[in-house]
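Asker:
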Ligand SMILES: *Cc1c(COP(=O)(O)O)cnc(C)c1O
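Numbering (this note's numbering), first residue to last: 11 to 405.
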């Protein structure tokens, strides 16, 4: 019997997304990641990449990747626990632990799989996990994989967090999970207050520093270093995909944590390890980061300049305090229209809408990098203002 099944029901859902301004066709970029990029034959100022330090184009990192392909080949040939731990993987983990100032670090294929693997391994029926409502999707999914009791606290609301810890009264092992820098709002987690509550109630602290890696802390060591909380944060997740400029994620912490995850974390156990070129590029990037404070200073300088210019013009940049600068617009259709008009003007800033953010909190999310010049940023502000006036976002 021939099957007459069609995907009409999928189309209906896509049409609904289209009607509500949530339908997306990924742009295809013709060149490398950078402050100016080309799509559809047009050169646009890029304000949506996570390439904070311009590392994707760094010659030392590229040379390390090419050399690793020559030495080790194109792939690792296996998962880490069989024959997929090559010298270069081991070297990267030692470097990361040293950089972070932890006993150990374990690398995963991405930041996403790090959260999935680590949370699913650490949490079970005996644990209570308390998570900031604005935590990244990979944290939410990681928690969904577990049978842990779940609690959510309103964004950065330490009273709610404390109430939840008090309620638990030490019954279950509690884990507090937070982004270090929140990816949609660009604000920083109140880590000192979280650590204090954790110590008061005997809880563990798990911080996801994806947008803090290479951005926050001395030489980009992350939020634990930024707040000088060394030894008081139990799991520090980082990404190698954003400022580090390659791909991957890691969990840094105690040696016992690493050895435990090696036995339990399913993406680590059942998915092939990084190609040698990736591990070598990450290693070169971390070594470079150690001398990159001037570049990181330039990144923060660019971010303050851009954010204060937008605020002067009357835009609402929410709680932004990092190089992630959202420009709040509103409903999804209005946000999508703003982003589209901005692109016509030569600036690419991705519209972020429901369900990634609340229905009325759609925004074009601008990410400033160290590779932008002041002229680039002034150009972007001019165009944002022009579109803001045209759409009534600005008076
Ligand atoms: C981007 C991001 C991730 C995912 O990292 P990848 O390396 O891209 O998989 C995880 N957590 C947070 C908070 C992020 O912003």
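Here a beta-carbon is modelled for each residue, glycine too, at the ideal position from N, C-alpha and C.
Less than 8 Å between the CB of residue 42 and some heavy atom of ligand 1, yes or no?
Answerer: no
Asker: Specify the secondary structure class of residue 155 as computed by DSSP and reduced to three states.
Answerer: coil
Asker: Beta carbon of residue 234: closer than 8 Å to some heavy atom of ligand 1?
Answerer: no
Asker: To the nearest angstrom, how far is the alpha carbon of residue 70 from that of residue 296?
Answerer: 11 Å
Asker: Give the DSSP-derived three-state secondary structure of residue 54 in the structure shown.
Answerer: strand
Asker: Quick one: which unbroken beta strand (DSSP E) runs of 3-plus residues sit fully inside the stretch 223-263? Chain order, please.
Answerer: 245-249 and 259-263
Asker: For my contact list, residue 404 and residue 348 are in at a C-beta cut-off of 8 Å; report their separation, rounded to the angstrom.
Answerer: The Cβ separation is near 11 Å, so there is no contact.
Asker: So, is residue 125 buried or exposed, given that buried needs 16 or more other C-beta atoms within 10 angstroms?
Answerer: buried
Asker: Under the three-state reduction of DSSP, which class applies to residue 365: helix, strand or coil?
Answerer: coil
Asker: Please report the distance separating the alpha-carbon of residue 2 from that of residue 78.
Answerer: The chain is shown from 11 up to 405; residue 2 falls before or after that span and cannot be answered.
Asker: For residue 21 and residue 211, what's the separation of their Cα atoms in angstroms?
Answerer: 50 Å
Asker: The alpha helix (DSSP H) spanning residue 270 covers which residue range?
Answerer: 265-274
Asker: Could you tell me if residue 332 is buried or exposed, where buried requires 16 or more neighbouring beta carbons within 10 angstroms of its beta carbon?
Answerer: buried
Asker: So who's on the other strand from residue 177, going by DSSP bridges?
Answerer: Answer is none; residue 177 lacks a bridge partner.
Asker: Can you tell me which of 233, 170, 239 and 50 puts its alpha carbon nearest to the alpha carbon of residue 35?
Answerer: Of 233, 170, 239 and 50, the residue nearest in Cα terms is 50.
Asker: Take residue 75 and list the residues in its own chain whose beta-carbon comes closer than 6 Å to its own, dropping the five residues that flank it on each side.
Answerer: 287, 290 and 291, listed in sequence order.
Asker: Ignore the nearest five residues each way along the sequence and tell me which others in residue 143's own chain have a CB closer than 8 Å to its CB.
Answerer: 162, 163, 164 and 165
Asker: Tell me, to the nearest whole angstrom, how far the beta carbon of residue 226 is from that of residue 191; I am working on the premise that it is less than 8 Å.
Answerer: 6 Å
Asker: Could you check if residue 87 belongs to the surroundings of ligand 1, using beta carbon to heavy atom distance under 8 Å?
Answerer: no
Asker: Considering only the alpha carbon of each residue, which of 252, 277, 23 and 234 lies closest to residue 262?
Answerer: 234
Asker: Residue 373 and residue 397 - do their beta-carbons sit closer together than 9 Å?
Answerer: no
Asker: Should residue 339 and residue 376 be called a contact, given that it needs their Cβ atoms to be closer than 9 Å?
Answerer: no
Asker: Work out the CA separation of residue 180 and residue 360 for me, nearest whole Å.
Answerer: Between residue 360 and residue 180, the C-alpha separation is close to 43 Å.
Asker: Whole angstroms are fine: how far does the CA of residue 366 sit from the CA of residue 91?
Answerer: 35 Å
Asker: Do residue 353 and residue 116 have their C-beta atoms within less than 9 Å of each other?
Answerer: Result no, Cβ atoms of residue 353 and residue 116 do not sit closer than 9 Å.
Asker: Of the residues 247, 285 and 102, which one's Cα is nearest the Cα of residue 84?
Answerer: 285
Asker: Tell me, please, whether the stretch 203-222 touches the stretch 232-251 by the rule of three or more beta-carbon pairs shorter than 8 Å.
Answerer: yes
Asker: If you drop the 5 nearest sequence neighbours on each side, which residues of the same chain put their C-beta closer than 6 Å to that of residue 89?
Answerer: 282
Asker: Does the distance between the C-beta of residue 259 and the nearest non-hydrogen atom of ligand 1 fall short of 8 Å?
Answerer: yes
Asker: Out of 26, 293, 48 and 394, which has the shortest C-alpha to C-alpha gap to residue 103?
Answerer: That would be 293, whose Cα lies nearest to the Cα of residue 103.
Asker: What are the boundary residues of the beta strand (DSSP E) that residue 141 is part of?
Answerer: 137-142
Asker: So, helix, strand or coil for residue 116, using DSSP?
Answerer: Looking at residue 116 - three-state DSSP - the assignment turns out to be strand.
Asker: Note down the Cα distance separating residue 31 from residue 345, rounded to an integer number of angstroms.
Answerer: 8 Å
Asker: In three-state terms, what does DSSP make of residue 90?
Answerer: Coil at residue 90, not helix or strand.
Asker: Based on the DSSP output, what are the partners of residue 340 in its beta bridges?
Answerer: 372
Asker: Looking at the secondary structure, which residues open and close the alpha helix (DSSP H) in which residue 391 lies?
Answerer: 384-401
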